[in-house]
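Below is one structure; the comments refer to it alone.
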Amino acid sequence: MGDGADAMLGMDTDRCRLQADSLEAAADRLAGLRERVDDAVGAATWHGPDADAFRLRWSLLSQGRLREAGELLDLLARRLRVEAVAQERASAADGHGVASSGRALAPAGAGGRLLAGPSAAASLPLLGAPASAALVSDALGAGVALGTAELTGVVVGLGGDPDGIDRVQDELGHLGGMFEDWAAGGDAPALARLGASTLLLSGAIALAPVETVTDTGLLDPRTDVTVHAVVEVPSSTAPRGLADLVAANDEARRPLAGVPGDADRDGAAAGRVRIQTVRSRDGGEAYIVHAPPTGGAPIWDPDSWGPQGNSAGWDSNLRTMAGQESAAMADIRTAMAAAGVPDGARVMVVGHSQGGLTAAHLAADPGVNRADGAPGSYDITHSFSVGSPVGTVVPAQASTSTVNVSHSSALEPSLLLRHPATWPAPLRIADPVPLLDLAGYRIDGSRVSSPAVREVVLEAPAPALGGASPLENAHESVLRTEQGVDPTGGYHGSLQAGSGTDPVLAALQEDLEGTYVGDGVTVVEDVVVVVGRKDLR
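Taking our numbering, the leading residue of the sequence shown gets 46, the next gets one more, and so forth.
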């Protein structure tokens, strides 16, 4: 885009309004929870001075601090809407009209550059970070966050379990903490992280009344995990390139040849983390850790949202995206200890989908990724993933390289020769999962960026075999059909075709040569660690 073209900068007003909708929904659910507890307190068959004092205490809390918290959430939502309108008006060409929906137009000569970095917020009219952040802090901070002690006392007094209320308070704390950091001069919250945190809070509020009487396991934040077995992978060979790394990651969730009964295992009971110990060309040892994608029960099964023992459920997707500790992350650390990976060891983490997100967040944890050999830490040199939303995650060490590969859409050229009436859906579509990071945009219009984090976009490959959907071809690491493994489909296929021509992937291959892949690298040990959290099904 040339200097004379319209450029885009500033707050994404449409997403700002969507966030306002989410805050209003959270306020409504908070009000609903308060009303349900009001009804329960009024209906409790408990009489006498203690009961009267108890009801009075709840009434003061319900009509005071809890009501104020909901009102402040509503106030923030209204403030976001007002600032969205003001941003559009201020950014319009004449200063009075309303700009087009979405991002506001930048002044002529901006050269199409998007604002990035913490200084971006200062140039946005009326988007005062401390003012907005202070509203959320007032509503969600420690002083107001549901009056946890009082509300817990109410639940216990009614004979219930306070776990659901505690979870609401925890989610409020995580969400409020992001705005408090912003108010203190830190970066504005990333939209993807903010959205995931809001969903977790909304879910906790909705589940709280049920959790007071029974443990559903839904969105359960437990991170205590247990190793069930360490299984040796027979006949293992060292990877030659990036496509081999993706294939090795995929093999870990398939039945292991030579392991009796492995084909009949319950995939929802526990997860599997593959760890390959390799001897590098220089004679030293390094470790390839394979983080699994989402596993266990399917997305429509409630077990996949927390109750199952496999930590890599759909709940871990949300929790990791929200920047919280997840059971999937705990699985990796526990598996590495079980496999004997020493503190300070050179480590490369490979992941697909959720696995890449898990890998990126482990690499971003300064307690895990460091070079001084501290207990429980490793020198994570590379995080390599396919089909993962990692654009909001920056590694803790500047020396760590994070590379994610995604698939773009493409229309099969042969379709253009057909009559329009006979056209099927496009044979190749984009992988939607990497887009969930919303390109790293923050709420103030800036973007998360780091030279250590690179996104490679390859054209989705043309599958050689039939039977797989375009979405499967776009997102699967290794495309498997009823006819067998498709040699050209999925990320494995696109990496075989594009690793040598893409400059980022070619540089990554060269960087890994001799340490993790290629000539002179041999496998010393290859194990799959069966690990998971308590199964609540």
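Using N, Cα and C, we set each Cβ at its ideal position, and we do this for glycine too.
Worksheet item: Taking C-alpha atoms, which residue in E558, A519 and R492 lies nearest to V427?
Response: A small correction: the amino acid at residue 427 is His; Val does not occupy that position in the sequence shown. For the residues E558, A519 and R492, the minimum Cα distance to H427 belongs to E558.
Fill in: Where R126 falls: helix, strand or coil (DSSP)
In this structure, DSSP gives R126 a helical state, which the three-state scheme calls helix.
Discussion item. Looking at M366: is its Cβ nearer than 8 Å to the Cβ of R238?
Written reply: yes
Discussion item. Just to confirm the assignment, what range does the alpha helix (DSSP H) spanning V291 have?
Written reply: Run containing V291: L287 to E296, per the alpha helix (DSSP H) assignment.
Fill in: 7 Å Cβ shell around N355 - same chain, five flanking residues per side excluded
G312, A313, A314, A315, G316, G340, G341 and G577
Worksheet entry | Three-state secondary structure assigned by DSSP to G529 | strand
Worksheet item: Excluding sequence positions up to five away, which residues of its chain have a Cβ less than 8 Å from the Cβ of K579?
Response: R267, D269, T271 and G354
Worksheet item: Short check: CB of S514 to CB of D476, under 8 Å?
Response: no
Worksheet item: For I425, does the count of other Cβ atoms within 10 angstroms reach 16, so buried, or fall short, so exposed?
Response: buried
Worksheet entry | Span of the beta strand (DSSP E) around R324 | G316 to R324
Worksheet entry | Cut-off 7 Å between Cβ atoms - residues of its own chain near G485, not counting five sequence neighbours on either side | Correct list, in chain order: A235, G436, T437, R492, V493 and S494.
Worksheet item: Mapping DSSP to helix, strand and coil, what is T403?
Response: If DSSP states are grouped into helix, strand and coil, T403 belongs with the helices.
Discussion item. On a Cα-Cα basis, can you pick out the residue from V334, G328, R310 and R326 that is closest to I320?
Written reply: V334
Worksheet entry | V448 versus R499: straight-line alpha-carbon distance, rounded | 5 Å
Worksheet item: Between the stretch 526–542 and the stretch 290–304, are three or more C-beta pairs nearer than 8 Å?
Response: yes
Worksheet item: How about S398 and S433: are their beta carbons less than 8 Å apart?
Response: yes
Worksheet item: Can you tell me the Cα-Cα spacing of P352 and V549, whole angstroms?
Response: Going by the C-alpha atoms only, they are around 40 Å apart.
Discussion item. With distance defined between alpha-carbon atoms, name the residue in L244, N294, E69 and E225 nearest to R126.
Written reply: E69
Item to complete: Could you have a look at R415 and say whether DSSP puts it in helix, strand or coil?
Response: The answer is coil: DSSP assigns R415 none of H, G, I, E or B.
Discussion item. Determine whether the beta carbon atoms of D348 and R582 lie at a separation below 8 Å.
Written reply: yes
Practice prompt. Return the CA-CA distance between A129 and D59, expressed in angstroms with no decimal places.
Written response: 8 Å
Item to complete: Report buried or exposed for R326, applying the criterion of at least 16 other Cβ atoms within 10 angstroms of its Cβ.
Response: exposed
Worksheet item: A65 to V275, Cα distance in whole Å?
Response: Rounded to the nearest whole angstrom, the C-alpha separation of A65 and V275 is 47 Å.
Worksheet item: Should V568 and A283 be called a contact, given that it needs their Cβ atoms to be closer than 8 Å?
Response: yes
Discussion item. To the nearest angstrom, how far is the alpha carbon of A383 from that of V439?
Written reply: 27 Å
Worksheet item: Do the stretch 406–425 and the stretch 517–537 meet, that is, are 3 or more Cβ pairs less than 8 Å apart?
Response: At 8 Å Cβ cutoff, the stretches do not touch.
Practice prompt. For the beta strand (DSSP E) holding Y332, just list the boundary residues, first then last.
Written response: E330 to A336
Discussion item. Spatial neighbours of E277 within its chain, please: C-beta separation below 6 Å, excluding the five flanking residues on both sides.
Written reply: V572
Item to complete: With a threshold of 16 other CB atoms inside 10 Å of the CB of P343, please say whether the residue is buried or exposed.
Response: exposed
Worksheet item: Below 8 Å between beta carbons: does that hold for Q554 and G286?
Response: In contact: Q554 and G286 (Cβ atoms closer than 8 Å).
Discussion item. In the DSSP output, what is R378 paired with across the bridge?
Written reply: BP columns for R378 are empty, so no partner.
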